[in-house]
Amino acid sequence: MHLPTVMTNKITKQQADELRALMDKSEDDIDTKEQPEITDWTGAERGKFYRPIKQQVTLRLDADLLAWFKSRGSHYQTRINAALRQFIEEHPEKR
């Protein structure tokens, strides 16, 4: 069984080999005695590690808007994305 590319991008060969070995085992063969069962989920956060799929686009922006975002340092595209996300969250679609 092979590991998805997203799993192998930032792990060592040894870690990948260990994951492959685990994937080849049945669930009954994996020792989970040292992992306590979670019974209290009150502090759980749904979607904490969710990363939305990004899509590359060409977008025309007013020069002053782009200059403002760029003047705040690197990762200006991320800040533009966050501003757009905040806007749609504050203005839900009315049906």
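Position one of the sequence shown corresponds to residue 1421 (this note's numbering), numbered consecutively onward.
No residue lacks a Cβ here, since even glycine has one placed at the ideal position from N, Cα and C.
Cβ-Cβ distance between Phe-1507 and Ile-1500 below 8 Å
no
Give the DSSP-derived three-state secondary structure of Gln-1435 in the structure shown.
helix
Just tell me which of Asp-1482, Asp-1484, Ile-1431 and Arg-1471 has its CA closest to the CA of Thr-1498.
Arg-1471
One question on the structure: do Ile-1450 and Leu-1442 come within less than 8 Å of each other, judged by their Cβ atoms?
yes
What is the DSSP secondary structure of Gln-1475, counted as helix, strand or coil?
coil
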